[in-house]
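Notes to accompany the following structure.
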Amino acid sequence: MIDLDELDFKILHALSQDATLSAGALGRRFGLSQPAAWRRIKRLWTEGAFSHRRLVLDHEALGFGVTVFLGVKLATKGRVSLEDFERAVTAIPEVQTVEHILGVYDYRLRIVARDISDFERVLRRRIMALPGVGDVEANVLLSEERLPGPLGG
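Going by the UniProt record's numbering, the sequence shown opens with residue 1, and the numbers climb by one from there.
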(Lines of atoms letter the chains of each structure in order from A and count residues from 1; the text may use other names and numbers.)
(Lines give C-alpha, C1' and ligand atoms only; values in the text may rest on other atoms or scores of the structure.)
Protein backbone atom coordinates (compact mmCIF):
# COMPACT_ATOMS: atom_id res chain seq x y z
CA MET A 1 0.00 0.00 0.00
CA ILE A 2 1.22 3.48 -0.87
CA ASP A 3 1.76 5.92 1.99
CA LEU A 4 -0.31 9.01 1.12
CA ASP A 5 -0.77 12.23 3.05
CA GLU A 6 -3.72 14.62 2.86
CA LEU A 7 -2.12 16.67 0.09
CA ASP A 8 -1.51 13.53 -2.00
CA PHE A 9 -5.22 12.68 -1.72
CA LYS A 10 -6.15 16.22 -2.77
CA ILE A 11 -3.87 16.02 -5.80
CA LEU A 12 -5.22 12.61 -6.79
CA HIS A 13 -8.80 13.83 -6.44
CA ALA A 14 -8.07 16.90 -8.57
CA LEU A 15 -6.39 14.79 -11.26
CA SER A 16 -9.25 12.27 -11.21
CA GLN A 17 -11.60 15.16 -12.01
CA ASP A 18 -9.33 16.71 -14.68
CA ALA A 19 -6.22 14.79 -15.75
CA THR A 20 -5.06 17.75 -17.87
CA LEU A 21 -4.22 19.90 -14.82
CA SER A 22 -0.61 20.99 -14.94
CA ALA A 23 1.79 20.82 -12.03
CA GLY A 24 1.70 24.61 -11.96
CA ALA A 25 -2.11 24.68 -11.70
CA LEU A 26 -2.06 22.04 -8.96
CA GLY A 27 0.67 23.95 -7.13
CA ARG A 28 -1.35 27.16 -7.21
CA ARG A 29 -4.46 25.33 -6.02
CA PHE A 30 -2.72 23.64 -3.09
CA GLY A 31 -0.04 26.20 -2.15
CA LEU A 32 2.96 24.43 -3.68
CA SER A 33 5.58 25.56 -6.14
CA GLN A 34 5.36 24.03 -9.61
CA PRO A 35 8.50 21.86 -9.01
CA ALA A 36 7.13 20.62 -5.65
CA ALA A 37 3.80 19.72 -7.24
CA TRP A 38 5.59 17.96 -10.11
CA ARG A 39 7.71 15.92 -7.65
CA ARG A 40 4.54 14.77 -5.87
CA ILE A 41 2.82 13.84 -9.14
CA LYS A 42 5.93 11.96 -10.31
CA ARG A 43 6.17 10.10 -6.98
CA LEU A 44 2.46 9.18 -7.10
CA TRP A 45 2.94 7.90 -10.67
CA THR A 46 6.10 5.89 -9.86
CA GLU A 47 4.61 4.38 -6.72
CA GLY A 48 1.54 3.25 -8.68
CA ALA A 49 -1.17 5.52 -7.24
CA PHE A 50 -2.42 5.87 -10.81
CA SER A 51 -1.40 3.93 -13.88
CA HIS A 52 -3.24 5.30 -16.88
CA ARG A 53 -4.10 8.55 -18.48
CA ARG A 54 -6.93 8.21 -20.91
CA LEU A 55 -9.40 10.17 -22.87
CA VAL A 56 -13.06 9.72 -21.93
CA LEU A 57 -15.20 9.90 -25.04
CA ASP A 58 -18.69 11.39 -25.08
CA HIS A 59 -20.47 8.44 -26.70
CA GLU A 60 -23.72 10.33 -27.16
CA ALA A 61 -22.00 13.20 -28.98
CA LEU A 62 -20.39 10.60 -31.25
CA GLY A 63 -23.78 9.11 -32.13
CA PHE A 64 -23.88 6.24 -29.63
CA GLY A 65 -27.01 7.09 -27.65
CA VAL A 66 -27.51 3.75 -25.89
CA THR A 67 -25.30 2.06 -23.31
CA VAL A 68 -26.16 -1.47 -22.21
CA PHE A 69 -24.65 -3.60 -19.46
CA LEU A 70 -24.88 -7.20 -20.59
CA GLY A 71 -24.49 -10.12 -18.21
CA VAL A 72 -23.15 -13.18 -20.06
CA LYS A 73 -23.24 -16.72 -18.72
CA LEU A 74 -21.09 -19.18 -20.61
CA ALA A 75 -22.92 -22.35 -21.56
CA THR A 76 -19.98 -24.64 -22.14
CA LYS A 77 -17.31 -23.90 -19.59
CA GLY A 78 -15.09 -26.84 -20.44
CA ARG A 79 -15.13 -26.79 -24.21
CA VAL A 80 -14.52 -23.07 -24.63
CA SER A 81 -11.80 -21.46 -22.61
CA LEU A 82 -12.32 -18.14 -20.91
CA GLU A 83 -9.41 -16.80 -22.96
CA ASP A 84 -11.18 -17.75 -26.21
CA PHE A 85 -14.32 -15.90 -25.16
CA GLU A 86 -12.35 -12.87 -23.96
CA ARG A 87 -10.31 -12.70 -27.16
CA ALA A 88 -13.43 -12.90 -29.31
CA VAL A 89 -15.52 -10.41 -27.32
CA THR A 90 -12.78 -7.78 -27.13
CA ALA A 91 -12.62 -7.78 -30.95
CA ILE A 92 -16.16 -6.33 -31.08
CA PRO A 93 -15.81 -2.53 -31.33
CA GLU A 94 -19.10 -1.76 -29.56
CA VAL A 95 -17.91 -3.64 -26.45
CA GLN A 96 -16.25 -1.00 -24.25
CA THR A 97 -15.37 -3.10 -21.20
CA VAL A 98 -15.21 -6.80 -20.38
CA GLU A 99 -15.32 -7.74 -16.70
CA HIS A 100 -14.91 -11.33 -15.49
CA ILE A 101 -17.20 -11.50 -12.45
CA LEU A 102 -18.39 -13.87 -9.75
CA GLY A 103 -22.13 -14.42 -9.45
CA VAL A 104 -25.03 -15.39 -11.67
CA TYR A 105 -23.14 -14.34 -14.80
CA ASP A 106 -19.55 -15.02 -15.79
CA TYR A 107 -18.98 -11.69 -17.55
CA ARG A 108 -20.35 -8.18 -17.55
CA LEU A 109 -19.95 -6.23 -20.77
CA ARG A 110 -20.46 -2.52 -21.31
CA ILE A 111 -21.74 -2.04 -24.85
CA VAL A 112 -22.46 1.20 -26.72
CA ALA A 113 -24.83 1.34 -29.68
CA ARG A 114 -26.44 4.03 -31.81
CA ASP A 115 -29.93 3.01 -30.64
CA ILE A 116 -31.84 -0.05 -29.39
CA SER A 117 -32.11 -1.50 -32.91
CA ASP A 118 -28.35 -1.20 -33.30
CA PHE A 119 -27.85 -2.91 -29.92
CA GLU A 120 -30.16 -5.73 -31.01
CA ARG A 121 -28.06 -6.17 -34.15
CA VAL A 122 -24.85 -6.31 -32.06
CA LEU A 123 -26.45 -8.78 -29.66
CA ARG A 124 -27.84 -11.12 -32.32
CA ARG A 125 -25.05 -11.02 -34.89
CA ARG A 126 -21.98 -10.59 -32.72
CA ILE A 127 -22.48 -11.44 -29.04
CA MET A 128 -24.74 -14.48 -29.43
CA ALA A 129 -22.39 -15.84 -32.12
CA LEU A 130 -19.41 -15.87 -29.74
CA PRO A 131 -17.99 -19.20 -28.60
CA GLY A 132 -19.67 -20.61 -25.50
CA VAL A 133 -22.32 -17.90 -24.94
CA GLY A 134 -25.35 -19.20 -23.04
CA ASP A 135 -27.71 -16.92 -21.13
CA VAL A 136 -27.54 -13.15 -21.37
CA GLU A 137 -29.28 -10.35 -19.48
CA ALA A 138 -29.35 -6.76 -20.72
CA ASN A 139 -29.67 -3.65 -18.56
CA VAL A 140 -30.01 -0.34 -20.38
CA LEU A 141 -28.25 2.62 -18.78
CA LEU A 142 -30.68 5.48 -18.08
CA SER A 143 -28.24 7.97 -16.55
CA GLU A 144 -24.78 8.00 -15.04
CA GLU A 145 -23.22 10.11 -12.30
CA ARG A 146 -19.55 10.03 -11.43
CA LEU A 147 -19.18 9.80 -7.67
CA PRO A 148 -15.96 10.90 -5.99
CA GLY A 149 -15.24 7.47 -4.51
CA PRO A 150 -12.63 6.90 -1.78
CA LEU A 151 -10.72 10.10 -2.58
CA GLY A 152 -13.54 12.26 -1.23
CA GLY A 153 -15.24 15.22 -2.77
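Beta carbons are placed, not taken as given, at the ideal position from N, Cα and C, and that holds for glycine.
Query, Result
"Using a Cβ distance threshold of 8 Å, determine whether the region 80 to 100 contacts the region 126 to 146, with at least three qualifying pairs required.", "yes"
"Closest to Leu-123 by CA distance: which of Glu-145, Glu-6, Phe-69, Arg-146 is it?", "Phe-69"
"What are the start and end residues of each continuous beta strand (DSSP E) run of 3 or more residues lying completely inside the region 68 to 108, in chain order?", "95 to 100"
"State buried or exposed for Ile-41, treating a residue as buried only when at least 16 other CB atoms are found within 10 Å of its CB.", "buried"
"What are the residues that DSSP puts in a beta bridge with Ile-111?", "Val-68, Val-95"
"DSSP three-state call for Asp-8: helix, strand or coil?", "helix"
"Among Val-89, Gln-96, Ser-81, Thr-67, which has the Cα closest to the Cα of Val-140?", "Thr-67"
"On the DSSP bridge assignment, give the partners of Glu-137 in chain order.", "Gly-71"
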